[in-house]
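Protein chains in written order, with the working numbering: chain A, 43 to 214; chain B, 43 to 214.
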DNA sequence: CCGGATATGACAAGGTATTGCTATTTCTAG
DNA sequence: CTAGAAATAGCAATACCTTGTCATATCCGG
């Protein structure tokens with residue numbers, strides 16, 4: 043992952059080398075995103091991961107219906123245990139609520155509380171600033187391009203995450 | 043971070059929305075990279091983070107000189123405490139060694155052991171497969187483009203990470 | 001020479017993320 | 001009706017990542 047070189051035919055080394063550099067940048071960028079992003083929402087006592095969850099729930103099409111744990115897992119591409127802990131914290135703060143799903147009693151609907159919606163709205167100001175600052179040097183075209191490329195990378199990794207142990211796990 | 047929408051003028055919403063999607067993909071891709079990447083090196087009992095450190099040390103220009111903790115921190119963009127624990131684990135496995143720097147007794151030179159070099163060489167085969175599989179759908183041009191865009195994103199976030207608390211921390 | 005700065009280690013705390021496994025309730029297809 | 005599957009919670013373990021703080025040894029400029 044970190045920049046490294048091998049003595050190989052130029053074409054092969056270039057692709058390996060490039061992949062290496064790319065994933066190293068992904069690693070660095072992600073850590074920095076969490077570091078700086080968490081600072082941006084620290085006045086709310088929140089974190090980037092909580093923001094991801096809140097953001098998922100704040101989508102208009104989710105509304106009062108909320109999302110099941112399974113749906114959140116499939117959307118955020120996290121494991122149940124990890125999500126569960128994050129949900130616990132958000133619930134403790136009164137920002138989300140878990141309600142039994144009346145259509146399927148095994149399931150829980152997760153939704154924003156009114157307090158959570160209000161807090162989210164306030165956080166969005168800081169989040170917007172974070173986006174502006176971190177992406178100040180990017181044109182709209184570049185943003186779109188980076189988004190699309192990352193989306194494809196995510197797709198590829200997601201496919202691999204389901205295959206690699208010979209387990210086929212279907213999303214929600 | 044997660045896809046969310048706000049009712050705003052189209053141009054503003056587009057940039058915010060796009061930024062939002064972008065960072066959400068960064069979040070997802072990073073988690074998946076660690077998940078799948080760690081599987082790729084799990085037969086060595088290693089992780090993506092250890093691979094990043096090993097890779098940094100395996101660069102030809104590092105060689106037997108090694109790197110100081112401070113240099114590694116500046117290269118990997120991690121904190122000292124986090125790096126220290128990873129180094130502890132790598133040292134325990136006999137893959138790296140810490141030696142007092144004779145030019146500056148306060149400092150430690152970190153380098154690969156012979157066992158570490160051998161193990162790294164073996165890991166590279168799995169790492170190469172990981173790169174091939176995860177990036178199978180990308181042309182060389184796309185790889186280069188993604189690398190460059192991520193590099194710029196990393197630069198922007200890195201700058202912010204140094205400014206945001208009013209602290210100016212200079213790299214090594 | 002010596003005060004201030006620096007490099008690293010150590011300790012603490014909190015949060016994130018994965019894997020593995022168990023338990024309980026509920027659903028559903030045969 | 002019932003066996004098997006599914007949804008979620010809970011427990012454990014391991015590894016990573018940040019912030020804050022303290023301690024010790026060493027460096028270096030005035």
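Backbone N, C-alpha and C define an ideal beta-carbon position, used for all residues, glycine too. Nothing here was measured: the structure is a model prediction, and the numbers come from that model.
Any Cβ of chain B within less than 8 Å of the Cβ of residue 93/A? Answer yes: the Cβ-Cβ gap between residue 93/A and chain B drops below 8 Å somewhere.
Is residue 60/B helix, strand or coil when you go by DSSP? Residue 60/B: helix per DSSP, three-state reduction.
In the DSSP output, which residue or residues are listed as bridge partners for residue 139/B? Residue 139/B pairs with 153/B.
Selection from 175/B, 203/B, 140/B that minimises the alpha carbon distance to residue 61/A: Checked all of 175/B, 203/B, 140/B; the closest Cα to residue 61/A is 175/B.
Is DSSP giving residue 88/B helix, strand or coil here? In this structure, residue 88/B counts as coil in the three-state DSSP scheme.
So which residues on chain A does residue 77/B lean against when the C-beta distance must stay under 7 Å? Within 7 Å Cβ-Cβ: 203.
Mind checking which residues open and close the alpha helix (DSSP H) that includes residue 104/A? Segment: none, residue 104/A is in no alpha helix (DSSP H) and carries neither H nor E.
Is it buried or exposed for residue 94/A, if we count other Cβ within 10 angstroms and need 16 for buried? Looking at its Cβ environment, which holds 16 or more other Cβ atoms inside 10 Å, residue 94/A is buried.
Please name the residues in the segment 177–192 of chain B whose beta-carbon is closer than 8 Å to at least one beta-carbon of chain A, in chain order. For the segment 177–192 of chain B, which is checked against every Cβ of chain A, the residues closer than 8 Å are 177, 178, 179, 180, 182, 184, 185, 186, 187, 188, 189, 191, 192.
Tell me whether the beta-carbon of residue 133/A lies closer than 8 Å to the beta-carbon of residue 153/A. Their beta carbons are not under 8 Å apart, which means residue 133/A does not touch residue 153/A by this criterion.
Could you give the DSSP three-state label for residue 109/A: helix, strand or coil? Three-state result, residue 109/A: strand.
Per-residue burial, residue 198/B [other beta carbons within 10 Å of its own, 16 or more giving buried]: By the 16-neighbour rule on beta-carbons within 10 angstroms, residue 198/B is buried.
Whose Cβ in chain B lies nearer than 8 Å to the Cβ of residue 175/A? For residue 175/A, the neighbours in chain B by C-beta distance under 8 Å run, in chain order, 198, 202.
Under DSSP, the alpha helix (DSSP H) around residue 83/B begins and ends at which residues? Secondary structure note for residue 83/B: it is in no alpha helix (DSSP H), with a DSSP letter that is neither H nor E.
Cutoff 8 Å; reference residue 98/B; Cβ partners in own chain excluding five residues on either side: Hits under 8 Å: 104, 109, 114, 117, 118.
Residue 86/A versus residue 166/A - alpha carbon distance: Answer to the nearest angstrom: the Cα atoms are 11 Å apart.
So does the segment 172–188 of chain B actually touch the segment 190–204 of chain A, counting three or more Cβ pairs closer than 8 Å? As far as the Cβ criterion goes, the segment 172–188 of chain B touches the segment 190–204 of chain A, which means the pair count is three or higher.
Would you mind reading off the limits of the alpha helix (DSSP H) that contains residue 134/A? From DSSP, the alpha helix (DSSP H) with residue 134/A extends over 122–134.
Any chance the segment 142–162 of chain A sits against the segment 59–78 of chain A, with 3 or more Cβ pairs inside 8 Å? Contact fails: fewer than three Cβ-Cβ distances are below 8 Å.
Residue 67/B and residue 193/A closer than 8 Å at C-beta: Result yes, Cβ atoms of residue 67/B and residue 193/A sit closer than 8 Å.
How many Å lie between residue 156/B and residue 181/B at the Cα? If you take the alpha carbons of residue 156/B and residue 181/B, they lie about 36 Å apart.
Using the beta-carbon of each residue, which ones in chain A are nearer than 8 Å to residue 90/B? Result: 43, 69.
Option in 162/B, 122/B, 190/B with minimal Cα separation from residue 84/B: Distances from the CA of residue 84/B to each of 162/B, 122/B, 190/B were compared; the closest alpha carbon is that of 162/B.
Would you call the CB atoms of residue 64/A and residue 188/B closer than 8 Å? Yes, these two residues count as a Cβ contact at 8 Å.
Please tell me whether residue 96/B and residue 170/B are closer than 8 Å, where the distance is taken between their beta carbons. No, they are not a contact pair.
Nearest neighbour of residue 125/B, chosen from 59/B, 56/B, 196/B, 91/B [CA to CA]: When only C-alpha atoms are compared, the closest one is 91/B.
Using three-state DSSP, classify residue 144/A as helix, strand or coil. In the structure shown, residue 144/A sits in coil (DSSP, three-state: anything other than H, G, I, E or B).
Contacting residues, own chain, Cβ-Cβ under 8 Å from residue 107/B (five flanking each side not counted): The residues are 151, 153.
Check whether the Cβ of residue 195/B lies closer than 8 Å to any Cβ atom in chain A. By this cut-off, residue 195/B is an interface position.
Can you name the residues of chain A whose CB is closer than 7 Å to the CB of residue 61/B? Listed by position along chain A, the residues whose Cβ is nearer than 7 Å to that of residue 61/B are 173, 177, 185.
State the Cα-Cα distance for the pair residue 59/B and residue 183/B, rounded to the nearest angstrom. Their Cα atoms are separated by approximately 26 Å.
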